[in-house]
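The opening position of the first sequence corresponds to residue 2 in my numbering, with each subsequent residue numbered one higher.
Where a beta carbon is used, it is the ideal one built from N, C-alpha and C, also for glycine.
Predicted model only: the values in this text are computed from it and were never measured.
Written below as structure tokens is the structure these notes are about.
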Amino acid sequence: MKYWLIKSEPDVFSIDDLKDSPSGITSWEGVRNYQARNFMRDEMKKGDLVLFYHSNCNPPGVAGICTIEIESHPDLTAFDPESRYFDPKSHSDKPVWFLVDVKFASKFNTFIPLEKLRSKAELQQMKLLQRGNRLSVMPIQKTEFDTICEMGK
DNA sequence: GCCAACGTTGGC
DNA sequence: GCCAACGTTGGC
2 MKYWLIKSEP DVFSIDDLKD SPSGITSWEG VRNYQARNFM RDEMKKGDLV
52 LFYHSNCNPP GVAGICTIEI ESHPDLTAFD PESRYFDPKS HSDKPVWFLV
102 DVKFASKFNT FIPLEKLRSK AELQQMKLLQ RGNRLSVMPI QKTEFDTICE
152 MGK
């Protein structure tokens with residue numbers, strides 16, 4: 002099993018929006034970064050555990066946990082000219098963009114702000130904390146996942 | 001709202 | 001294939 006962190010702007014889609022989705026499941030649409038896509042397309046497996054991070058808000062931080070429910074399939078919003086995620090390079094016979102479906106698992110009792118993550122010695126290696134990091138889907142270590150879950154209790 | 005960091009685009 | 005220009009991300 003692998004461990005991941007995904008970012009979302011809560012103004013756009015928050016962990017409560019995920020919780021309120023039908024069956025707590027949503028397609029993680031709109032990712033338009035190749036590295037992030039490759040993680041979703043090639044490496045995320047059903048049952049993997051995922052931290053849900055709120056970005057571009059005050060304060061940013063980890064809000065809870067979800068799981069991979071459905072493995073890689075094409076991101077249909079790329080085919081839709083009306084969608085803000087439309088990409089004319091992607092065609093249904095040869096899709097460029099892929100996504101996974103994630104399922105709500107739990108919300109932390111304590112929201113963990115970025116500042117708290119930065120202050121933890123065990124988390125200093127996390128990609129999330131590296132300067133200039135912009136990846137919205139990234140792998141994390143089990144030890145990091147466990148540390149953050151403990152902080153969120 | 002600013003701006004540093006990074007990814008993508010496109011001319012050459 | 002290089003690299004300048006541009007657009008986006010996301011913390012602050």
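Asked                                                                                                                : Found
M41 vs V101 beta-carbon contact at 8 Å                                                                               : yes
Best match in K121, F112, L77, N110 for proximity to K95 [C-alpha to C-alpha]                                        : L77
DSSP state of L100 mapped onto helix, strand, coil                                                                   : strand
Alpha carbon of N34 to alpha carbon of H74, nearest angstrom                                                         : 16 Å
Pairwise C-alpha distance: K143 and G62                                                                              : 18 Å
Integer-rounded CB distance, given that E123 should sit under 8 Å from T148                                          : 5 Å
Local Cβ density within 10 Å of E145, reported as buried at 16 or more and exposed below that                        : buried
D133, buried or exposed, once every other Cβ within 10 Å from all chains shown has been counted against 16           : Sequence check: residue 133 is Gly here, not Asp. Label assigned to G133: exposed.
Short Cβ contact (8 Å threshold) for D50 with I66                                                                    : Correcting the residue identity first, residue 50 is Leu in this sequence and not Asp. Contact flag set, yes.
Rounded straight-line distance, which links the Cα of F53 to that of D12                                             : 14 Å
Beta strand (DSSP E) runs contained entirely in the region 41 to 72, provided each spans 3 or more residues          : 50 to 55
Beta-carbon spacing of I113, M127 below 8 Å                                                                          : no
Residues of its chain near T27, where Cβ-Cβ distance is below 7 Å and the 5 sequence neighbours each way are ignored : L19, D102, V103
Secondary structure of N39, DSSP reduced to three states                                                             : helix
Euclidean distance between Cα positions of V97 and R135                                                              : 20 Å
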